[in-house]
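Under the working numbering, the first residue of the sequence shown is numbered 66, with each subsequent residue one higher.
Have a look at the structure below, then the notes.
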Amino acid sequence: MDLSHTQKIFLDYWNGWLEKAGGMPARKDLNVRELGKYLPHVVIFDILNDPHDFCYRLVGTEVRAHTHGDYTGKKLSQMKGKGPGSKIWSFLDQVSASKQPLFQEVPYVGPQQAFLRSTLLFLPLADDHQTPNKILLVSNFISKVS
Numbered sequence: 066m067d068l069s070h071t072q073k074i075f076l077d078y079w080n081g082w083l084e085k086a087g088g089m090p091a092r093k094d095l096n097v098r099e100l101g102k103y104l105p106h107v108v109i110f111d112i113l114n115d116p117h118d119f120c121y122r123l124v125g126t127e128v129r130a131h132t133h134g135d136y137t138g139k140k141l142s143q144m145k146g147k148g149p150g151s152k153i154w155s156f157l158d159q160v161s162a163s164k165q166p167l168f169q170e171v172p173y174v175g176p177q178q179a180f181l182r183s184t185l186l187f188l189p190l191a192d193d194h195q196t197p198n199k200i201l202l203v204s205n206f207i208s209k210v211s
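Given below as structure tokens:
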């Protein structure tokens with residue numbers, strides 16, 4: 066299970082920020098000039114408290130094209146199969162608590178017949194550089210004939 070080129074770019078950026086600044090990057094720290102062409106592969110989740118939940122803040126165009134639509138503004142708890150106990154919820158919870166990146170391979174579930182699986186890189190973001198309040202997800206869709 067390998068990171069895609071785009072996932073490597075974001076992980077290197079995240080690790081570089083951590084080394085340089087001593088804390089996690091905030092969303093505003095993401096350099097759009099440097100990362101902009103990769104944003105179609107990105108999802109950003111807000112971490113909500115009271116009650117605990119996750120909300121789609123941004124869904125890149127590539128992700129929208131390979132999933133069931135644009136989930137921007139929707140809470141996971143309000144979506145069938147994405148609430149507490151789901152894989153996506155568990156991954157987001159793990160990243161939020163550990164403050165560490167997470168890389169996972171999952172079966173592809175979506176409208177495109179050509180895809181077999183996806184790899185997902187989760188990166189915590191923190192406005193205060195210490196406590197995650199957003200999670201950046203970098204997706205990679207792997208076709209059946211890769």
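Every residue gets a Cβ at the ideal spot worked out from N, C-alpha and C, and that includes glycine.
Please read all numbers here as calculations on a predicted model, not as lab measurements.
Entirely within the stretch 134-199 and at least 4 residues each: give me those alpha helix (DSSP H) ranges in chain order.
152-163
Arg98: first and last residue of the uninterrupted alpha helix (DSSP H) it sits in:
For the purposes of this step, residue 98 is taken as residue 33 along the sequence shown, with counting starting at 1. From DSSP, the alpha helix (DSSP H) with Arg98 extends over 97-100.
Residue environment, Lys147, which counts as buried when at least 16 other CB atoms sit within 10 Å:
Here residue 147 refers to the residue found at position 82 when the sequence shown is read from its first residue. Lys147 should be labelled buried.
Which two residues bound the contiguous alpha helix (DSSP H) that contains Asp94?
Locating residue 94 in the sequence shown gives position 29, where the first residue counts as 1. Per DSSP, Asp94 belongs to no alpha helix (DSSP H) and is neither H nor E.
Is the beta carbon of Arg92 closer than 8 Å to that of Lys57?
Because the chain is modelled from 66 through 211, residue 57 falls outside the range shown and cannot be assessed.
Spatial distance of Lys140 from Asp111 (CA atoms)
Taking the first residue of the sequence shown as 1, we reach residue 140 at position 75. Taking the first residue of the sequence shown as 1, we reach residue 111 at position 46. Each residue's Cα considered, the two are about 9 Å apart.
Terminal residues of the alpha helix (DSSP H) in which Lys78 lies
As a position in the sequence shown, residue 78 is number 13, starting the count at 1. The question names Lys, but residue 78 in the sequence shown is Tyr. Residues 70-86.
When His106, Pro166, Tyr78, Pro149 are compared against Leu123, the one with the closest alpha-carbon:
Locating residue 123 in the sequence shown gives position 58, counting from the first residue. Looking at the Cα atoms, His106 is the closest of the given residues.
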